[in-house]
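Read through the structure below, which is laid out as structure tokens, and then see the notes.
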Amino acid sequence: GCLLFGTTRKAEELLDMIPKIGVKADANLLVIMAHIYERNGRREELRKLQRHIDEACYLNDSQFWQFYNCLLMCHLKFGDLESASKMVLEMLRRGKVARNSLGAAILGFDTADDDRLNLRKVSGKGSEVEENDNTETRTFSTHSMIPYEEFFRDRKFLKLEAEAKDVLRALLAKLHVQVELITTERGVLQPTEEIYVKLAKAFLESGKMKELAEFLLKAEHEDSPVSSDDSMLVNVINACISLGMLDQAHDLLDEMRMAGVRTGASVYSSLLKAYCKTNRTREVTSLLRDAQKAGIQFDSSCYEALIQSQVIQNDTHGALNVFKEMKEAKIPRGGNQQFEKLLKGCEGNAEAGLMSKLLREIREGQSLDAGVHDWNNVIHFFSKKGLMQDAEKALKRMRSLGHSPNAQTFHSMVTGYAAIGSKYTEVTELWGEMKSIAAATSSMRFDQELLDAVLYTFVRGGV
Numbered sequence: 012g013c014l015l016f017g018t019t020r021k022a023e024e025l026l027d028m029i030p031k032i033g034v035k036a037d038a039n040l041l042v043i044m045a046h047i048y049e050r051n052g053r054r055e056e057l058r059k060l061q062r063h064i065d066e067a068c069y070l071n072d073s074q075f076w077q078f079y080n081c082l083l084m085c086h087l088k089f090g091d092l093e094s095a096s097k098m099v100l101e102m103l104r105r106g107k108v109a110r111n112s113l114g115a116a117i118l119g120f121d122t123a124d125d126d127r128l129n130l131r132k133v134s135g136k137g138s139e140v141e142e143n144d145n146t147e148t149r150t151f152s153t154h155s156m157i158p159y160e161e162f163f164r165d166r167k168f169l170k171l172e173a174e175a176k177d178v179l180r181a182l183l184a185k186l187h188v189q190v191e192l193i194t195t196e197r198g199v200l201q202p203t204e205e206i207y208v209k210l211a212k213a214f215l216e217s218g219k220m221k222e223l224a225e226f227l228l229k230a231e232h233e234d235s236p237v238s239s240d241d242s243m244l245v246n247v248i249n250a251c252i253s254l255g256m257l258d259q260a261h262d263l264l265d266e267m268r269m270a271g272v273r274t275g276a277s278v279y280s281s282l283l284k285a286y287c288k289t290n291r292t293r294e295v296t297s298l299l300r301d302a303q304k305a306g307i308q309f310d311s312s313c314y315e316a317l318i319q320s321q322v323i324q325n326d327t328h329g330a331l332n333v334f335k336e337m338k339e340a341k342i343p344r345g346g347n348q349q350f351e352k353l354l355k356g357c358e359g360n361a362e363a364g365l366m367s368k369l370l371r372e373i374r375e376g377q378s379l380d381a382g383v384h385d386w387n388n389v390i391h392f393f394s395k396k397g398l399m400q401d402a403e404k405a406l407k408r409m410r411s412l413g414h415s416p417n418a419q420t421f422h423s424m425v426t427g428y429a430a431i432g433s434k435y436t437e438v439t440e441l442w443g444e445m446k447s448i449a450a451a452t453s454s455m456r457f458d459q460e461l462l463d464a465v466l467y468t469f470v471r472g473g474v
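Residues 12 to 474 (my numbering) are what the sequence shown spells out, left to right.
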């Protein structure tokens, strides 16, 4: 009752009175004592009680795992992560031994059952005699004289005893439900996911990344093997990333890599995107180096996150270098969306010449159509910002690289000139060039938008 209503210190006082009145603890009382000691933080008392628990042969599975749940909880309360992790590993080792020997045990039990069945058939007569003897003994006991004092006491407290037993059963049922850290599998204690969560949290809070990684790797070794992307350590790393604990996640990933445990690209990708989102450039560089050592190949989404991060930091050079690396690694990309984002993010950057130079470097050797499209984006960007000198340089560089400008190229140039005004001579020169290209090749087609833009500029300039 004290335990049920939370008055555990009063319950411990009652426990201290038990030896004085000569009450012998049964299985239920041992379990209740364990819960009381755990609530009050009496770890040494729990350790003393452990000897009685281990030696008791009348405990069922529920009582057994309730005690060890209390002991494990007490280790966590004291921050004794070494003892707690050793308990978990020992349970896993015993579970592994039990699984490996299960087949042999079943065979042994079947053989023993057959022997007992044969023995009953052979000694049937002797069994009948023994049964008659037992019947006589029971009859004698039934007709034995019962002292009046005992008979009177039994009749007086029978109802109270039954009620007390009902309350005790209800209490024990509630204690059974409270067990979270340990369960049983074929009579062998096994840790639940909850204990891994609590231990991981405790290790993280204490900053013991190395110890956490070692524990989880050993647990994976003892437990049933799973894929590297679904291991406990990977799940902890992903949880750290979700909680924003990126340094801890990186440390665990380093420990995993140094232990020689390979993992998929998903963990690296998640951490990389989280770093990019928080603009942690140094950590990104370190993670990329680690991923290269581990032979991890990132997908296009990671490169896109890297490009976007560089753009946010106005690092055009870095962004274009990432794009170049993406191209060299032959990572497929969805159209030119990220490149367009790069251009959009670079708006307001006065270093247009640098951008044009870097773009040329990462585009060398690309097919003509893709080159024209990308250069058109550059020219459009400069024209939209009114940087017509840089647009002219880009157009000149575009031609020098062997890319022939098309209607989109000229449209950007014309609208750019029209926006700043007084550039009608340049538009006239462009018009002459367009007609020459159209006469020389069939690739140049005058669309309605281009013709309207040229005509509008001519009318506006009085040409």
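Quick reminder that beta carbons are idealized off the backbone N, C-alpha and C, glycines included.
Reduced DSSP category for E191 - H, G, I as helix; E, B as strand; rest coil: coil
Chain-order list of residues whose beta-carbon lies under 6 Å from that of A1 (same chain, five-residue window excluded): Nothing about residue 1 can be reported from this structure: the residues present for the chain run from 12 to 474 only.
Sequence-distant residues of the same chain with beta carbon closer than 8 Å to R410, five excluded per side: P416
C-beta contact flag for Q77 and H232 at 8 Å: no
Beta-carbon proximity of L100 to K229, cut-off 8 Å: yes
Whether Q308 touches A276 by CB criterion (8 Å): yes
For E444 and Y435, the rounded distance between their alpha carbons: 14 Å
Same chain, Cβ closer than 6 Å to T426, five either side skipped, listed in chain order: A464
Buried or exposed by the 16-neighbour rule on C-beta atoms within 10 Å, applied to I318: buried
Cβ-Cβ separation, L200 to M102 (assumed contact under 8 Å), whole Å: 5 Å
Rounded C-alpha distance that separates L82 from G90: 12 Å
Of the listed residues F75, A181, A260, nearest to A211 (C-alpha basis): A260
C-beta contact flag for S96 and F226 at 8 Å: yes
Integer-rounded CB distance, given that L283 should sit under 8 Å from C313: 5 Å
Cα-Cα separation, H63 to L26: 15 Å
Alpha helix (DSSP H) runs wholly inside the stretch 46-92, at least 4 long, in chain order: 54-66, 72-88
For V245, the nearest candidate out of D258, A224, L254, Q324 (CA to CA): A224
Every unbroken alpha helix (DSSP H) inside the stretch 378-415 [4 residues or more]: 379-395, 399-411
Where Q201 sits in the DSSP three-state scheme: strand
Nearest candidate by alpha-carbon position, reference V470, set D310, A429, R20, Y48: A429
Top-ranked residue by Cα proximity to L15, from M44, M28, I32: M44
Close beta carbons around L257, own chain, < 6 Å, minus the five adjacent residues each side: A285
Residue from F393, Q419, I47 with nearest C-alpha to V383: Q419
C-alpha gap between E205 and D385, whole angstroms: 53 Å
Exposed unless 16 or more other CB atoms sit within 10 angstroms - verdict on M28: exposed
Backbone CA spacing between R58 and N71 [nearest angstrom]: 20 Å
Residues of its chain near T19, where Cβ-Cβ distance is below 6 Å and the 5 sequence neighbours each way are ignored: I47, R50, N51
Inter-residue Cα distance where the pair is E216 and L192: 19 Å
Whether N249 touches S297 by CB criterion (8 Å): no
7 Å Cβ shell around T468 - same chain, five flanking residues per side excluded: V425, Y428, A429, Y435, V438
From L263, A173, A175, R105, residue whose alpha carbon lies closest to that of E196: R105
Sheet register partners of E196 (DSSP bridge): V199
Nearest neighbour of L254, chosen from T289, K185, D65 [CA to CA]: T289
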